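For reference, the structure discussed in these notes is given below.
In the UniProt record's numbering, the protein residues as written are 1 to 737.
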């Protein structure tokens, strides 16, 4: 057999088998001496392998347990590290977001400033470009007047002109760019600015300025609003507004007002009264910012909370009552009582504002507000009582004015106040209470002389006490902030309603007190008359809107109206040059129109009034209907001569009435030099109670009522009796007229 035919695979197997056998024999030779050297025992020879295996197993289990513990420890440590990393990541993310928001706000502010500066720059450059036409314009004019036949010369001139334009600087006139008005689109920023700059009527400092001097002793958290002990409330409010700066305006107003309302409840519960009036003022400022941003839900929730708050202070209206509220109230300091009374006025001003906003949502929402007792019946009865004695004790002019405005906003074709809802106040009871405003004098109450939040009217001298309670810099104890009100200085405690002394020899202090008392009485008189005019307008609006006078067809109501007209006429006759004549004439005019509505519907007043009231009607209406006599014509002639010929620019009869006439017709004394007759005619058209007793419309209405109440013969006798100063009176002159 050749080498090529040999089987190499079989040879390899034999070689491998031989090598394996040789290794096994060597192993046996090595292990045999060991087994011979060791002693052998019959009982342990079989157990040695088992013990060795068990030991190995135990050792393996221990190692496994140790490894598992180490693995668990590593996993826990890894999880802790992961949590720490996540927490640090979240913190850094929040910080980065806040920094990003701050940078965006800064960028927006810089962008607004850039736009503003660009507009200013454009305006400045536009003013500089207002120049006369340049030589280029002159050359263009020369080209326009050249003959048409000389076209080559014209082309050459046009080429030279274009070349000159390319070389000379630009001097042609350009239109002035209109100034752009920069409007910040972020309503939240405008709202924040509105809150920062808000001031209470008659205050010398902003509301946040007062709150920057006030802190609380405890930590308070209301929703997202947080204030810490010794922290100024203005800082907490500012931080809250910054936190909500990206909110929608209606949401911001709702959250801000509700948060402040809840904060006021907490402070009242803790008897921390100092900051409550100023927080209420901020609620009022929020409602005044934009009426469209106040929702129905906000109105309901605020009405509920503010009415509840106001009821806590209504016991202050009558200090003579023996109720539980005054049992432990004798030791309350003056500064706390002043703050509580001012807080009550602020509450009613907020309620008035809320009710005026509710009228924007229609009659159905108004009806819901009144029927569901959001305007609490208890509050209504305490501020506008029906009983005469309680009215004398409880009536406070600011609060009555608030409820008159509240009732005015409730008038519609289907609604008025509680709409005679069972267990509520009837319409007749409300009308009866309103008529008492005309007949019962409203006194000035101590510590209630505030303008309030809705109008600047009446007296505001008690706000000096509020201002003195909160320091401007430091207190006597060198404290820059306070949590309790400071005592009122003695000189402010003397500013109250005092009678005027009429002695001849008065000290300077008595003269100052007399001056103060006179100002207080004058302001209060104007306030009362304006309130009466508002009540008369309310009654007229009720009649016109409801198209019915059925509720006024009462002998007592008509008697009250007639008596009121008579009282105002008597005052006009006693003080014809008073500053309040215009208001009294307006009150008479409105009440006469109300009498006309009643008499027109029932066709006469004889069956609705007492006999003595009928006589009073004849007297008051005759004063109006036959009041214009020869004195009016002579007064007009005198006024015409003074104004047109002599150009006299001072008052002639009644300074206030004449100034009011000029204001209504938008003229001044500067018109004397152009048209003095116009000024005289306008001043004589407005009634002043004496020379021009009543307005023409009032006179006509009074004559219509008299025509229904008396016969023609009685009317003639009344006229002759009212105008008996002219002995040569011709009866035919009356026919000619």
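Every residue gets a Cβ at the ideal spot worked out from N, C-alpha and C, and that includes glycine.
Please read all numbers here as calculations on a predicted model, not as lab measurements.
{"Asked": "Cα-Cα separation between residue 121 and residue 108, rounded to whole angstroms", "Found": "20 Å"}
{"Asked": "Buried/exposed call for residue 451, threshold 16 Cβ in 10 Å", "Found": "buried"}
{"Asked": "Separation of residue 682 from residue 249, as counted between CA atoms", "Found": "47 Å"}
{"Asked": "At least three beta-carbon pairs within less than 8 Å, the segment 220-238 to the segment 201-211", "Found": "yes"}
{"Asked": "Endpoints, alpha helix (DSSP H) assigned at residue 546", "Found": "508-546"}
{"Asked": "Top-ranked residue by Cα proximity to residue 363, from 340, 377, 343 and 419", "Found": "419"}
{"Asked": "Alpha-carbon spacing of residue 575 relative to residue 687, whole angstroms", "Found": "14 Å"}
{"Asked": "Exposure label - residue 56; buried when at least 16 CB within 10 Å", "Found": "exposed"}
{"Asked": "Opposing strand residues paired with residue 232 [DSSP bridges]", "Found": "215"}
{"Asked": "Own chain, CB closer than 8 Å to residue 614, minus 5 neighbours either side, in chain order", "Found": "605, 606 and 709"}
{"Asked": "Meets three-Cβ-pair contact criterion under 8 Å: the segment 522-539 and the segment 391-402", "Found": "yes"}
{"Asked": "Opening and closing residue of the beta strand (DSSP E) in which residue 227 lies", "Found": "225-227"}
{"Asked": "Of the listed residues 481, 352, 485 and 480, nearest to residue 468 (C-alpha basis)", "Found": "485"}
{"Asked": "Distance CB(residue 258)-CB(residue 223) smaller than 9 Å", "Found": "yes"}
{"Asked": "Buried/exposed call for residue 524, threshold 16 Cβ in 10 Å", "Found": "buried"}
{"Asked": "With 16 other Cβ atoms within 10 Å as the buried cut-off, status of residue 422", "Found": "exposed"}
{"Asked": "Cα-Cα separation between residue 278 and residue 442, rounded to whole angstroms", "Found": "27 Å"}
{"Asked": "According to DSSP, residues forming a beta bridge with residue 482", "Found": "214"}
{"Asked": "CB of residue 679 within 9 Å of CB of residue 667, strictly", "Found": "yes"}
{"Asked": "Spatial distance of residue 657 from residue 537 (CA atoms)", "Found": "20 Å"}
{"Asked": "Candidates 440, 342, 437 and 411, of which the one nearest residue 427 by Cα", "Found": "411"}
{"Asked": "Inter-residue spacing [alpha-carbon to alpha-carbon] between residue 357 and residue 408", "Found": "12 Å"}
{"Asked": "Three-state secondary structure assigned by DSSP to residue 411", "Found": "coil"}
{"Asked": "Runs of alpha helix (DSSP H) wholly within the segment 313-375 (minimum 4 residues, chain order)", "Found": "334-358 and 363-371"}
{"Asked": "Whether residue 647 touches residue 676 by CB criterion (9 Å)", "Found": "yes"}
{"Asked": "Buried versus exposed call for residue 9 [16 or more other C-beta atoms within 10 Å across all chains shown]", "Found": "At residue 9 the pLDDT is 48, less than 50, meaning the model places this residue with poor confidence and gives no usable figure here."}
{"Asked": "Residues sharing a beta bridge with residue 551, DSSP", "Found": "BP columns for residue 551 are empty, so no partner."}
{"Asked": "Residues that residue 221 bridges to, as DSSP identifies them", "Found": "226"}
{"Asked": "Residue 589 beta carbon less than 9 Å from that of residue 695", "Found": "yes"}
{"Asked": "Cβ-based neighbour list, residue 280, same chain, cut-off 7 Å, excluding 5 preceding and 5 following", "Found": "264, 343, 346, 347 and 350"}
{"Asked": "Residue 62 (DSSP reduced to helix, strand or coil)", "Found": "helix"}
{"Asked": "Through-space distance from residue 87 to residue 70, alpha-carbon basis", "Found": "26 Å"}
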